[in-house]
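Here the structure is laid out as structure tokens; the discussion comes afterwards.
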DNA sequence: CGAGTTCTTGACAGTGATCAAGCGACGTGG
DNA sequence: CCACGTCGCTTGATCACTGTCAAGAACTCG
């Protein structure tokens, strides 16, 4: 959004993303109960966010990659309500939320941008609710793969090949399935020639078949 | 938030919520694909929001009551991505989003308020993901009842009695269950003396038992 | 009062969970 | 460089929860 800003404006916006933080693979960027101070823009690396119930069950609420924002959960109560864990070595921009708000007041395009990011997250979660509430294991995994490869492609990676950064268990948690079911479903897709799987490596041979599984609508 | 505002400020804030709209039971406040222009604050009545998949499956994404805000889904793309349906005759304040943004820039407390509302929705949906991904039918329904009665109580209604505004099917859709399962689970709670159910009327006899079902953690 | 909707309940089926065992990949240290 | 241990993945057998199908009852509203 480099339109209509003078040098001073740009400097101040630049400052917002000046602070960097590195997180090692397996490390926590923030966790449940931490005081909320900042949003984080992922520069490199890959994260999962998850919540845990009192009796220890874990629910992965999302996987985030470069360019995506995490930490929005903390705004409402000034405390984070989920954990953000790096699935590979990562670097983030630390954006103190008071600064985000201050600059938002000055720059309507930034304000709108922030609102869109939050709205996008709400809409994404609506989609996950549909997935978890209405879809069967195969549909869930097909949707998951299509979403992942689409986001990677938007970042310049292959449209048909990817390396999963998460375990079967984490995929299962996200999709409301057990790891065995995830594994079996991968195997099934593989047997049907839709994908090729070798551990974390996935090659999508027939994306149309995946789309059809995800969305088995009327065929005229 | 009536602190530090002069008369002119208050008039402008008042203007934001001046426009009213009535929606009859069963009526749509907005639906998927509608252009997004406004957020809506519910004054009276009860809504459900839902998304539909291409092949016609419906997922209820939330139930909203007086004081709650709907329409946040539309911000990201300028089009609504869900339907908002009145489950009883309702009245809402129409808040044009451009005005919300303009006033947010002027009044930091309003800005913060808007951010919290969006964050709260994100956190709520995280909780639903946990529900849908990890919990069994009884846990889901217990959580649902506790949440509903808590929100009603915050509005001055009974802590132990409520009238459901939605069908078993809508509850089921929200909780990722079929209506028969919802009905059976109600019956089971009733047989166990935890609640008394008669159609839409529910009396919570033993809230502690519900909490224990919802959260069956270690008991020392 | 009657038609249609909503709810309850039963019998049965199916999807995915659970339990269990073995395999394969990876990393560390000898 | 290889051995070993750990962790993650796959696959099989069985089970349980919830879904599906069906019928009838209860309630609502015109």
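Chains as they are written, first to last, in the working numbering: chain A, 6 to 225; chain B, 6 to 225. In this text, a Cβ means the ideal position worked out from N, Cα and C, and glycines have one as well.
{"Asked": "Mind checking residue 79 (chain B): buried by the 16 CB within 10 Å criterion, or exposed?", "Found": "buried"}
{"Asked": "Any contact of the region 55-68 of chain A with the region 7-20 of chain A, i.e. 3+ C-beta pairs under 8 angstroms?", "Found": "no"}
{"Asked": "Of all Cβ atoms in chain B, is any one closer than 8 angstroms to the Cβ of residue 117 (chain A)?", "Found": "yes"}
{"Asked": "Less than 8 angstroms between C-beta atoms, sequence neighbours within five positions excluded: which residues of the same chain meet that for residue 43 (chain B)?", "Found": "76, 99, 100, 101 and 102"}
{"Asked": "Would you mind stating whether residue 178 (chain B) and residue 105 (chain B) have Cβ atoms separated by less than 8 angstroms?", "Found": "no"}
{"Asked": "Could you give the residue range of the alpha helix (DSSP H) that holds residue 155 (chain B)?", "Found": "142-159"}
{"Asked": "What residues from chain B crowd round residue 64 (chain A), counting only those whose CB sits closer than 8 angstroms?", "Found": "131, 134, 135, 138 and 139"}
{"Asked": "At 7 angstroms on the CB atoms, spell out the chain A contacts of residue 121 (chain B), in chain order.", "Found": "80 and 81"}
{"Asked": "So, does the region 207-220 of chain B touch the region 143-157 of chain B, judging by three or more C-beta pairs under 8 angstroms?", "Found": "yes"}
{"Asked": "Going straight from the alpha carbon of residue 10 (chain B) to that of residue 117 (chain B), what length do you get?", "Found": "16 angstroms"}
{"Asked": "Whose C-beta lies closer than 8 angstroms to the C-beta of residue 38 (chain A) among residues of the same chain, with five residues either side of it excluded?", "Found": "84 and 85"}
{"Asked": "Does residue 127 (chain B) have its Cβ less than 8 angstroms from a Cβ in chain A?", "Found": "yes"}
{"Asked": "Find the nearest neighbour of residue 169 (chain A) within the set A:191, A:183 and A:181, judged by alpha-carbon distance.", "Found": "A:191"}
{"Asked": "Could you name the residues of chain B that residue 87 (chain A) contacts, counting a contact when the two beta carbons are closer than 7 angstroms?", "Found": "131"}
{"Asked": "Would residue 155 (chain B) and residue 94 (chain B) qualify as a contact pair, given that the criterion is a beta-carbon distance under 8 angstroms?", "Found": "no"}
{"Asked": "Could you tell me if the beta carbon of residue 138 (chain B) falls within a distance shorter than 7 angstroms of some heavy atom in the ligand MG?", "Found": "As for the ligand MG, it is missing from this structure, which has no ligand bound."}
{"Asked": "Taking 8 angstroms as the threshold (beta carbon to beta carbon), is residue 101 (chain A) in contact with chain B?", "Found": "no"}
{"Asked": "Could you tell me which of B:132, B:123 and B:121 sits nearest to residue 87 (chain A), measuring between CA atoms?", "Found": "B:132"}
{"Asked": "Quick test of your reading: residue 26 (chain B) and residue 175 (chain B), contact by CB under 8 angstroms. State the CB separation rounded to the nearest angstrom.", "Found": "The pair is not a contact, with the Cβ atoms about 23 angstroms apart (cut-off 8 angstroms)."}
{"Asked": "With DSSP run on the structure shown, which of helix, strand or coil describes residue 58 (chain B)?", "Found": "coil"}
{"Asked": "Strictly under 8 angstroms for the Cβ-Cβ distance: is residue 220 (chain B) near chain A by that measure?", "Found": "yes"}
{"Asked": "Tell me which residues of the region 178-194 of chain B have at least one Cβ-Cβ distance to chain A shorter than 9 angstroms, keeping chain order.", "Found": "178, 179, 180, 181 and 182"}
{"Asked": "Going by DSSP in three states, residue 208 (chain A) sits in which element: helix, strand or coil?", "Found": "strand"}
{"Asked": "Are the CB atoms of residue 1 (chain B) and residue 212 (chain A) nearer to each other than 8 angstroms?", "Found": "Outside the shown range of chain B, which is 6 to 225, sits residue 1 (chain B), and nothing can be said about it."}
{"Asked": "Name the chain A residues that come within less than 8 angstroms of residue 106 (chain B), Cβ to Cβ?", "Found": "113, 116, 117 and 120"}
{"Asked": "Is the beta carbon of residue 34 (chain B) less than 8 angstroms from the beta carbon of residue 97 (chain B)?", "Found": "yes"}
{"Asked": "Is the CB-CB distance between residue 47 (chain B) and residue 23 (chain B) below 8 angstroms?", "Found": "no"}
{"Asked": "Output needed for residue 182 (chain B): all residues of its chain with C-beta closer than 7 angstroms, excluding positions within five of it in sequence on either side, in chain order.", "Found": "142 and 145"}
{"Asked": "Report, in whole angstroms, the separation of the C-beta atoms of residue 201 (chain B) and residue 208 (chain B), which I expect to be a contact under 8 angstroms.", "Found": "4 angstroms"}
{"Asked": "Can you give me the Cβ contacts of residue 122 (chain A) inside the same chain, cut-off strictly under 6 angstroms, excluding the 5 residues immediately before and after it?", "Found": "74"}
{"Asked": "I'd like to know whether the C-beta of residue 48 (chain B) is nearer than 8 angstroms to at least one C-beta of chain A.", "Found": "no"}
{"Asked": "According to the neighbour-count rule (16 or more other Cβ atoms, all chains shown, within 10 Å of its Cβ), is residue 126 (chain B) buried or exposed?", "Found": "buried"}
{"Asked": "Which same chain residues, not among the five before or five after residue 49 (chain A), have their C-beta less than 7 angstroms away from its C-beta?", "Found": "71, 95 and 96"}
{"Asked": "Interface residues of chain B around residue 77 (chain A) at Cβ under 8 angstroms?", "Found": "123, 124 and 127"}
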